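J.:
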Ligand code: SAM
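In this note's numbering, the protein residues as written are 310 to 679.
1. Around the Cβ of residue 491, are there at least 16 other Cβ atoms within 10 angstroms (buried) or fewer (exposed)?
2. By alpha-carbon positions, which one of 444, 339, 358 ends up nearest to residue 605?
3. State buried or exposed for residue 515, treating a residue as buried only when at least 16 other CB atoms are found within 10 Å of its CB.
4. DSSP puts residue 505 in a beta bridge; with which residues?
5. If we count Cβ pairs, one from each stretch, closer than 8 Å, do we get three or more for the stretch 512-528 versus the stretch 319-328?
6. From what residue to what residue does the beta strand (DSSP E) around residue 719 run?
7. Taking the continuous alpha helix (DSSP H) assigned at residue 486, which residues delimit it?
8. In three-state DSSP terms, what is residue 366?
9. I'd like to confirm something about residue 585: is its beta-carbon nearer than 7 Å to some heavy atom of the ligand SAM, or not?
10. Any heavy atom of the ligand SAM within a distance shorter than 7 Å of the CB on residue 399?
11. Whole angstroms are fine: how far does the CA of residue 674 sit from the CA of residue 596?
12. Please go through the stretch 363-433 and give each complete beta strand (DSSP E) segment of 3 or more residues, from N-terminal end onward.
13. Contact defined as beta carbons within less than 8 Å: I believe residue 355 pairs with residue 402. What is the distance between those atoms, to the nearest angstrom?
14. Name, in chain order, the residues that DSSP records as bridge partners for residue 664.
15. Is there contact here, the stretch 485-501 with the stretch 358-372, by at least three beta-carbon pairs under 8 Å?
16. For residue 534, count the other beta carbons within 10 Å of its own beta carbon; 16 or more makes it buried, fewer makes it exposed. Which is it?
17. With a CB to CB cut of under 6 Å and the five nearest residues on each side skipped, what residues in its chain are close to residue 552?
18. Let me confirm a value: residue 476 is counted as buried when at least 16 other C-beta atoms fall within 10 Å, else exposed. Which label applies?
19. Decide if residue 381 is buried, meaning its Cβ has at least 16 other Cβ atoms within 10 Å, or exposed.
20. Can you confirm whether residue 677, when its beta carbon is compared against all beta carbons of chain C, has any partner nearer than 8 Å?
21. Kindly list the residues whose CB is nearer than 7 Å to the CB of residue 425, restricted to its own chain and excluding five residues on each side of it in sequence; keep chain order.
22. Starting from residue 748, follow the alpha helix (DSSP H) in both directions and report where the run begins and ends.
23. Between which two residues does the beta strand (DSSP E) containing residue 442 stretch?
24. Secondary structure at residue 329, three-state DSSP: helix, strand or coil?
25. Opposite residue 357 in the DSSP bridges: which residues?
26. Can you say whether residue 474 is buried or exposed, counting buried as having 16 or more other CB atoms within 10 angstroms of its CB?
27. How would you label residue 541, buried or exposed, when you count the other beta carbons within 10 angstroms and need 16 or more for buried?
28. Could you give the residue range of the alpha helix (DSSP H) that holds residue 450?
29. If I'm right that residue 578 touches residue 600 with Cβ under 8 Å, what's the distance once you round it to whole angstroms?
30. When the Cα of residue 332 is compared with those of 446, 566, 348, which residue comes out closest?
31. Could you give the DSSP three-state label for residue 616: helix, strand or coil?
32. Buried or exposed for residue 349, going by 16 or more other Cβ atoms inside 10 Å?
33. Where do the ends of the alpha helix (DSSP H) carrying residue 594 lie?
34. Name the DSSP beta bridge partners of residue 465, please?
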């Protein structure tokens, strides 16, 4: 297959996804990167990722923090979250993402509301107050409204798979595809930039399913998408079932290819280079950027707890940023000065003359245009 043969309908997308020709894949990534620069610019925006808790009421069959898995649970205190958000402000990340297992108890909901207000009042000197993305699963419409009113303006809720049959295969019977979809539409109606995404290279997933995921983002008119390779966790029912899935090399190539195809399909949206890419390749997120993504979420969760947010194999080996910093230093080059040997983000990006949008929210152009 060649680039000139590519069409962005279901058939064409599925053919591109199924095609394993390295020259085609490289040309596609290059084309997508040019489209990204021409539409959303050379900038990459940062969102400091704070993994607030691994306590979860859901039991997703692929997830390493599912309700029924035995692992050490944690929840960051309000002061820990605030201290971490202050680090994001000092480093001029512009935004934070608060992500965690799903919880719907009143204490947790009120805690998030208080945190949103407090994070909004963190001193960011000349920058706008920190932008806040939430990724806390399915909540009632009222809770989404409460959090929006308290200061969250983006919400990431992956559909995980847009194929309801596949969705059912990777979730227990009490999880509902329709409920998840409804939550996405609630978020959108409330006024959030409602981001979604799916896992790539899962057991049972076909090239057509992945093409449908891309068309789902388009149909939902998602202003931002965070999708990434499926990575097995050794103790989940999905892994233990023995159902086959593509090799790590293939899942990585597919992850980049999905970014590139989505950039061509939806040129002005925000696309994240997922952490799951970095687990498969030490320069995974940098390669994601070069395939058309424009958002990176450096993990700033305090290290002691970060290692317990063990969604999949090898995730906790990643070390993005030291979680303590001298607050008197306003460090605009966190990535270049990073002390962690595993992290290649800063050097890779600056070496490629990729501009980091320090201190800016980096909202989706697609959302603002509407
Ligand atoms: N509870 C929130 C939710 O459901 O949206 C956010 C936390 S959840 C752990 C964040 C994301 O982790 C999920 O949307 C899922 O796609 C991803 N994830 C979980 N297990 C994974 C795996 N084995 N491989 C790749 N991604 C995984």
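We treat Cβ as the ideally placed atom computed from N, Cα and C, and that holds for glycine. Just so it is clear, the structure is predicted and the values come from calculations on it, not from any experiment.
T.: Taking the geometry as given:
1. Within the chain shown, the letter at position 182 stands for residue 491. Classification of residue 491: exposed, given that the 10 Å Cβ count is below 16.
2. Here the question's residue 605 lines up with position 296 in the chain shown. Measuring from the Cα of residue 605, the nearest candidate turns out to be 358.
3. For the purposes of this step, residue 515 is identified with residue 206 of the chain shown, where counting begins at 1. Classification of residue 515: exposed, given that the 10 Å Cβ count is below 16.
4. Counted from its first residue, the chain shown places residue 505 at position 196. Paired residue(s): 534.
5. Yes, the stretch 512-528 touches the stretch 319-328.
6. The question about residue 719 has no answer, for the chain in this structure spans 310 to 679.
7. Counting from one through the chain shown, the residue named residue 486 turns up at place 177. 486-499 is the extent of the alpha helix (DSSP H) around residue 486.
8. Against the chain shown, residue 366 aligns to sequence position 57. The answer is coil: DSSP assigns residue 366 none of H, G, I, E or B.
9. Along the chain shown, read from residue 1 onward, the residue named residue 585 stands at position 276. Under cutoff, so the answer is yes.
10. In the chain shown, residue 399 corresponds to position 90, counting from 1. Flag unset: Cβ of residue 399 not near the ligand SAM.
11. Position 287 of the chain shown, counted from the start, is the residue given in the question as residue 596. Position 365 of the chain shown, counted from the start, is the residue given in the question as residue 674. Roughly 22 Å between the two C-alpha positions.
12. 404-409
13. As a first step, residue 355 must be located in the chain shown, where it is residue number 46. As a first step, residue 402 must be located in the chain shown, where it is residue number 93. The Cβ separation is near 4 Å, so the contact holds.
14. Your numbering for residue 664 matches position 355 in the chain shown. Its beta-bridge partners are 352.
15. no
16. Position 225 of the chain shown, counting from 1, holds the residue named residue 534. Under this definition residue 534 is a buried residue.
17. As a working note, residue 552 is residue 243 in the chain shown. Once the five neighbours on either side are set aside, the close Cβ partners of residue 552 are 512.
18. One-based indexing of the chain shown puts residue 476 at position 167. The residue in question, residue 476, is buried, as its Cβ has 16 or more Cβ neighbours within 10 Å.
19. Position 72 of the chain shown holds residue 381. The residue in question, residue 381, is exposed, as its Cβ has fewer than 16 Cβ neighbours within 10 Å.
20. The structure shown contains no chain C; it holds only a single protein chain.
21. As a first step, residue 425 is located in the chain shown; it is residue number 116 there, counting from the start. 441, 456, 459, 460, 461, listed in sequence order.
22. No statement about residue 748 is possible, as the shown extent of the chain runs from 310 to 679 and does not include it.
23. Taking the chain shown and counting its residues from 1, one reaches residue 442 at position 133. Counting along the chain, residue 442 sits inside the beta strand (DSSP E) bounded by residues 440-444.
24. Position 20 of the chain shown, counted from the first residue, corresponds to residue 329. The answer is coil: DSSP assigns residue 329 none of H, G, I, E or B.
25. Within the chain shown, residue 357 is the residue found at index 48, counting from 1. DSSP output for residue 357 lists 405 as bridge partner(s).
26. Walking along the chain shown from the start, residue 474 turns up at place 165. Residue 474 comes out exposed.
27. Here residue 541 corresponds to residue number 232 of the chain shown, with the count starting at 1. Residue 541 comes out buried.
28. Within the chain shown, residue 450 is the residue found at index 141, counting from 1. 450-459 is the span of the alpha helix (DSSP H), which, as asked, contains residue 450.
29. Numbered from its first residue, the chain shown carries residue 578 at position 269. Numbered from its first residue, the chain shown carries residue 600 at position 291. At roughly 14 Å, the Cβ-Cβ gap does not stay under 8 Å, so residue 578 and residue 600 are not in contact.
30. Locating residue 332 in the chain shown gives position 23, counting from the first residue. The option with the nearest alpha carbon to residue 332 is 566.
31. Sequence index remark: in the chain shown, residue 616 carries index 307 (1-based). Residue state, collapsed to three classes: coil.
32. The sequence position of residue 349 within the chain shown is 40, counting from 1. When all chains shown are included, residue 349 counts as buried.
33. Taking the first residue of the chain shown as 1, we reach residue 594 at position 285. Its alpha helix (DSSP H) spans residues 593-599.
34. The count along the chain shown starts at 1 and reaches residue 465 at position 156. Paired residue(s): 504.
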